Amino acid sequence: MQKCEVCNTRFSWKQFFVSLMLAYRPVACRSCGTIHTVTSKTRVFAALLLFVPVVIANLYLMGSGIYLFLLALLIIFAVEALFLPFLMKYTVEPASEE
Ligand SMILES: [Zn+2]
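Structural data, given as structure tokens:
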């Protein structure tokens, strides 16, 4: 799991999971409070990781009935939610130029 860029405190799986569930909400370091935001690369990666299995499930399972397809979707979402926090990259929010 990724560490804080400022103080090297390790983020927890739960912090990233909650962030993911709240549409990539920024996470604050538990030790120094520095706000980290998800990188745009991670967003693209996560979208692809979700999109590709859904397309594959759609191709192979639609003929087998809607329930099997929905079950496959449910499994895909569950697996994604479990593993994405390990793969997500966060970075310290750049200073706003407003
Ligand atoms: Zn920190």
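Per my numbering, the sequence shown runs over residues 30 to 127. Note that CB positions come from ideal geometry on N, CA and C, so glycine has one too. As the structure is a prediction and not an experimental result, all values here were calculated from the model.
Return no unless some Cβ of chain C is closer than 8 Å to the Cβ of residue i.
i, result
"asparagine 87", "Absence of chain C from the displayed structure is noted, only one protein chain being present."
Here's a check: name, in chain order, each residue in its chain whose Cβ is nearer than 8 Å to the Cβ of residue i, leaving out the five neighbours to either side.
i, result
"valine 35", "Cys58, Cys61, Thr63, Val121"
Answer yes or no: do residue i and residue j have a C-beta to C-beta separation smaller than 8 Å?
i, j, result
"threonine 71", "methionine 30", "no"
"valine 73", "serine 48", "no"
"asparagine 87", "phenylalanine 80", "no"
"alanine 75", "leucine 113", "yes"
"alanine 110", "phenylalanine 40", "no"
Among the residues of its own chain, which have a CB less than 6 Å from the CB of residue i, if the five just before and after it don't count?
i, result
"glutamine 44", "Val56"
Pick out whichever of the options has its Cα sitting closest to the Cα of residue i.
i, options, result
"isoleucine 105", "Ala76, Val83, Thr38, Tyr89", "Val83"
"leucine 65", "Gly94, Ala76, Asn37, Leu77", "According to the sequence provided, residue 65 is histidine. The question's leucine does not apply to it. The option with the nearest alpha carbon to histidine 65 is Asn37."
"valine 108", "Leu78, Leu51, Ile95, Ala52", "Leu78"
State the DSSP-derived secondary structure class of residue i, mapped to helix, strand or coil.
i, result
"leucine 108", "As written in the sequence, residue 108 is valine, which differs from the leucine given in the question. Valine 108: helix per DSSP, three-state reduction."
"isoleucine 47", "According to the sequence displayed, residue 47 carries valine and not isoleucine. The answer is helix: DSSP assigns valine 47 an H, G or I state."
"valine 35", "coil"
"alanine 86", "helix"
Whose beta carbon lies closer than 6 Å to any heavy atom of ligand 1, going through the chain in order? Cys33, Val35, Cys36, Thr38, Cys58, Ser60, Cys61, Thr63
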